[in-house]
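Here's the structure we're looking at; comments come further down.
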Amino acid sequence: NAGVTQTPKFQVLKTGQSMTLQCAQDMNHEYMSWYRQDPGMGLRLIHYSVGAGITDQGEVPNGYNVSRSTTEDFPLRLLSAAPSQTSVYFCASSQTHYPPYNSPLHFGNGTRLTVT
Amino acid sequence: TQLLEQSPQFLSIQEGENLTVYCNSSSVFSSLQWYRQEPGEGPVLLVTVVTGGEVKKLKRLTFQFGDARKDSSLHITAAQPGDTGLYLCGGANFGNEKLTFGTGTRLTIIP
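If you read the protein sequences in the order shown, they are chains P and A.
Just so we're aligned: the first sequence equals residues 1 to 116 in our numbering.
Just so we're aligned: the second sequence equals residues 1 to 111 in our numbering.
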């Protein structure tokens with residue numbers, strides 16, 4: 001029972017490079033989301049999706065793109081990496097559109113990204 | 001943007017002691033969740049509270065949702081080293097697909 005799988009676990013980028021953080025879930029969850037976690041700032045929502053073909057912005061979307069072509073996958077793209085994007089990134093999924101009411105968020109184990 | 005503030009930011013206590021951590025907001029939330037995160041892992045849900053004044057117990061952990069649904073507390077009785085971790089509260093409103101997280105309390109239980 002894999003749950004939410006994130007790859008890679010660690011990544012170092014140079015300023016200006018682009019990359020894609022992968023997220024896959026095997027629970028047939030409708031809702032998927034990306035958060036970044038920085039010291040003293042908790043988890044901040046980047047983008048989320050309530051189903052295949054549907055995405056929306058969260059609290060801190062600038063510099064990131066997402067797409068949802070399948071129920072299982074929700075990749076996060078950094079278009080031109082900046083040092084301010086150094087963070088730990090978490091992908092989370094939930095069974096329904098409204099996670100707090102009907103089901104919890106299931107998190108992956110994160111990707112630690114460093115931009116130099 | 002609705003903000004959630006958690007206090008204290010850091011807490012270090014001896015095994016066997018009791019403790020309370022807080023999650024406060026100036027906004028009303030329809031529901032509030034508590035998660036625990038261990039190093040190198042993602043957060044894991046502990047509890048969801050949805051009714052003002054609601055109290056839920058999970059073994060030695062007691063969660064309370066404020067009457068006005070603006071605040072919540074987590075009380076741990078007889079803390080154990082296994083309770084060590086980052087505790088996060090997350091609030092949401094019905095019809096809103098976003099869960100807003102607090103800043104977290106990093107708890108260390110000293111054996």
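Just so you know, even glycine gets a beta-carbon here, dropped at the ideal spot from N, CA and C.
If you run the structure through DSSP and keep just helix, strand and coil, what is residue i?
i: Q37 of chain A; result: strand
i: S18 of chain P; result: coil
i: S33 of chain P; result: strand
i: D38 of chain P; result: coil
i: G82 of chain A; result: helix
i: Q85 of chain P; result: helix
i: V49 of chain A; result: strand
i: Q95 of chain P; result: coil
i: G91 of chain A; result: strand
Could you please give me the residues that DSSP links to residue i through a beta bridge?
i: R63 of chain A; result: For the sequence presented, residue 63 of chain A should be read as Phe rather than Arg. Answer is A:K56 and A:L74.
i: E5 of chain A; result: A:N24
i: S49 of chain P; result: P:M32
Quick one: Cα of residue i to Cα of residue j, how far?
i: L13 of chain P; j: R36 of chain A; result: 30 angstroms
i: Q11 of chain P; j: Q9 of chain A; result: 28 angstroms
i: T86 of chain P; j: L61 of chain A; result: 34 angstroms
i: S7 of chain A; j: T105 of chain A; result: 6 angstroms
i: F101 of chain A; j: S103 of chain P; result: 16 angstroms
i: Y89 of chain P; j: S69 of chain P; result: 21 angstroms
i: K9 of chain P; j: G3 of chain P; result: 16 angstroms
i: S67 of chain P; j: S25 of chain A; result: 32 angstroms
i: F115 of chain A; j: Q17 of chain P; result: Any question about residue 115 of chain A goes unanswered here, given that chain A covers just 1 to 111.
i: Y48 of chain P; j: K57 of chain A; result: 31 angstroms
i: R36 of chain P; j: I76 of chain A; result: 28 angstroms
i: T114 of chain P; j: Q57 of chain P; result: 23 angstroms
i: T116 of chain P; j: R69 of chain A; result: 43 angstroms
i: G40 of chain P; j: P81 of chain A; result: 23 angstroms
With a cut-off of 8 angstroms on the beta carbons, I'd call residue i and residue j a contact; round off their distance for me.
i: G40 of chain A; j: N109 of chain P; result: 7 angstroms
i: L79 of chain P; j: G63 of chain P; result: 6 angstroms
i: A24 of chain P; j: E72 of chain P; result: 5 angstroms
i: D83 of chain A; j: I109 of chain A; result: 5 angstroms
Looking at chain A, which residues of the region 44-77 of chain P have a Cβ within less than 8 angstroms of any of its Cβ atoms?
R44, L45, Y48, V50, D56, G58 and E59
Mind listing which residues of the region 23-38 of chain A have their C-beta closer than 9 angstroms to chain P's C-betas, in chain order?
F29, S30, S31, L32, Q33, Y35 and Q37
Short-range partners of chain P found in the region 93-104 of chain A, where Cβ spacing is below 7 angstroms
F94, E97, K98, L99, F101, G102, T103 and G104
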